[in-house]
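Taking it in order: structure first as structure tokens, then the write-up.
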Amino acid sequence: MSPPAAAPRPPRPATVTIAVWLQLAVVLVLLGLAALTVAQAVHFDGQIDRAVRLVPDADPNEVTGERQGNVAMALIFGVPAVLLAVWLAATVVPVRRGGNVARILVFVASGAQLLVCSAQCCSGGFLVPLLTMPEIAAEPPPDWDEEWETSTFFDTLYAGTDPWDDLFFPAAGLGVLTVLALSATVVLLLALPPANRWFVPRTAHEALPRPAWVVPVPTYAPAGYGYPTAPLVPGFLPPNQPLPPGYLICPDPAAHLTPGASPRPTAPPAAPQEDAPDHRR
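Okay, here's the thing in structure tokens:
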């Protein structure tokens with residue numbers, strides 16, 4: 000049995016067109032955040048080099064820890080942004096053409112963005128102190144706290160204000176909020192009823208309008224044969240209705256109906272009952 004034919008796809012709704020353009024905007028913002036993360040990593044590595052030049056006797060463990068933390072932060076924030084941008088960019092054309100699988104992938108990517116942002120905020124704060132902390136022996140010396148607090152390398156590295164940091168952190172926060180807002184809007188537009196009907200079209204049979212002359216009437220089937228019932232149309236037998244053996248078919252069933260009347264199932268005649276015996280005798 001061949002599958003039901005799909006109805007002709009209607010024109011693409013305006014909500015889908017807007018969602019596609021917003022999805023492209025999300026891709027561009029994600030790529031911008033990735034580039035901003037790389038620029039921050041390069042800038043901070045230059046700051047480490049500057050601190051090393053100013054403090055030639057800096058502890059190598061402190062310098063290594065700062066470099067590792069810088070790379071780790073760049074990977075934590077940059078790699079997910081690039082992966083999500085590629086994911087959304089690959090689904091733009093299928094979504095524009097009406098691919099329902101691509102629409103589902105957009106929903107998944109939007110949920111992944113929320114999870115990634117939450118994980119980044121949680122992991123970034125705990126990972127950096129561990130990576131920047133120098134190796135500690137099993138029993139640190141008594142004066143270890145004083146040396147840590149008076150580290151000339153850290154004082155030089157984090158001393159003063161950096162105009163780049165004043166620009167980077169607000170821009171990164173604004174970019175993340177923009178991505179979340181645009182992604183939520185894309186999901187909403189693709190989930191609206193007009194878009195849902197366009198992505199999941201009905202079959203040709205379901206799309207046909209119901210004729211005005213089809214009047215719902217009670218179902219009827221010959222008793223005793225176990226055939227399925229189907230709604231009757233006035234003057235005609237139901238479509239694809241199997242008939243029992245010996246059932247007579249009139250070439251014009253409508254001729255036997257009163258104008259304006261609809262056929263109704265008739266109850267079988269009641270069996271004659273015998274006279275009850277008179278017990279008064």
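If you're matching positions, the sequence shown starts at 0 in numbering that gives the first Met the number 0 and goes up one per residue.
Here a beta-carbon is modelled for each residue, glycine too, at the ideal position from N, C-alpha and C.
Keep in mind the model is a prediction, meaning the values are calculated, not measured.
Beta-carbon proximity of Val105 to Val185, cut-off 8 Å: yes
Reference Ser150; option with closest CA among Pro55, Pro79, Ala180: Pro55
Within 8 Å, strictly: CB atoms of Gly172 and Gly31: no
Cutoff 8 Å; reference Val91; Cβ partners in own chain excluding five residues on either side: Val19, Gln22, Leu23, Val26
Three-state secondary structure assigned by DSSP to Arg11: coil
Terminal residues of the alpha helix (DSSP H) in which Ala73 lies: 59-89
Local Cβ density within 10 Å of Pro10, reported as buried at 16 or more and exposed below that: exposed
Backbone secondary structure at Pro162 - three-state DSSP: helix
Residue closest to Phe167, alpha-carbon to alpha-carbon, out of Ala40, Ser182, Val107: Ala40
Backbone CA spacing between Ala88 and Ala183 [nearest angstrom]: 17 Å
Beta-carbon proximity of Ala57 to Phe198, cut-off 8 Å: no
Close beta carbons around Leu35, own chain, < 8 Å, minus the five adjacent residues each side: Phe167, Ala170, Ala171, Gly174
Distance, Pro200 Cα to Ser117 Cα: 36 Å
Reference Leu29; option with closest CA among Leu83, Arg102, Leu188: Leu83
Per-residue DSSP class, three states only, for Pro55: coil
Exposure label - Ile47; buried when at least 16 CB within 10 Å: buried
Simplified DSSP assignment, three categories, for Leu188: helix
Through-space distance from Val100 to Pro217, alpha-carbon basis: Low per-residue confidence applies at Pro217: pLDDT is 47, beneath 50, and the placement is therefore not dependable, though the value from the model is reported in the following sentence. So the alpha carbons of these two residues sit roughly 41 Å apart.
8 Å CB neighbourhood of Ser109 in its chain, flanking five on each side removed: Ser182, Ala183, Val185, Val186
Exposure of Ala38, with buried meaning 16 or more beta-carbon neighbours within 10 Å: exposed
Rounded separation between Arg102 and Pro93 - CA only: 8 Å
Gly33 and Val107 closer than 8 Å at C-beta: Correcting the residue type first, residue 33 is Ala in the shown sequence and not Gly. In this structure, Val107 does not lie closer than 8 Å to Ala33 by Cβ.
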